[in-house]
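Q: Shown below is the structure under consideration.
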Amino acid sequence: MSPCPHRDRIAVPALKEDAKRGLVCAECAKIGGEWVHLRQCRTCDAVLCCDDSPNRHARAHAEGQDHPIITSAEPGEIWTYCYVDDAVIGRR
């Protein structure tokens with residue numbers, strides 16, 4: 001893990017394990033898209049699809065909204081990542 005100057009952008013807590021079940025990518029749901037894994041924006045709480053997904057909505061959101069910090073929204077995963085620094089910055 002590395003120090004990250006973007007940690008101050010974290011405004012919402014990570015999802016609790018039981019809250020991760022049944023989530024969908026909000027943007028894929030609008031267009032009938034599919035996703036591989038889900039990510040939670042730690043600035044605004046949006047849940048969007050990962051970089052392995054065809055539409056990469058989490059990255060587009062991070063870049064477009066200047067919300068660089070995400071946490072996995074997948075059950076059993078407990079890491080936090082910064083797109084700007086390309087680094088894992090925490091393992092809850």
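The sequence shown begins at 1 in the UniProt record's numbering and counts up one residue at a time.
Glycine included, C-beta positions come from ideal geometry on N, C-alpha and C.
These numbers come from a predicted model, not from an experiment.
1. With 16 other CB atoms within 10 Å as the buried threshold, where does residue 68 fall?
2. Between which two residues does the beta strand (DSSP E) holding residue 90 run?
3. Give a yes or no on whether the C-beta atoms belonging to residue 48 and residue 37 are separated by under 7 angstroms.
4. Could you tell me which uninterrupted beta strand (DSSP E) segments, each at least 3 residues in length, are contained entirely in the region 8-57, listed from first to last along the chain?
5. Leaving out five residues before and five after residue 75 in sequence, what residues of the same chain have Cβ atoms less than 7 angstroms from its Cβ?
6. According to the Cβ coordinates, are residue 66 and residue 4 closer than 7 angstroms?
7. Rounded to whole angstroms, how far is the Cβ of residue 23 from the Cβ of residue 73, which I believe are closer than 8 angstroms?
A: Looking at the coordinates:
1. Within a 10 Å sphere around the beta-carbon of residue 68 sit 16 or more other beta-carbons, which makes this residue buried.
2. Here the beta strand (DSSP E) through residue 90 covers 87-90.
3. Not a contact, by the Cβ cut-off of 7 angstroms.
4. Segments of the beta strand (DSSP E) lying fully in the region 8-57: 38-41, 47-49.
5. Annotation for residue 75: 17, 20, 21 place their beta carbon closer than 7 angstroms to its own, counting only its chain and skipping 5 residues before and after.
6. Between residue 66 and residue 4, the C-beta spacing is not below 7 angstroms.
7. Confirmed, Cβ separation roughly 6 angstroms.
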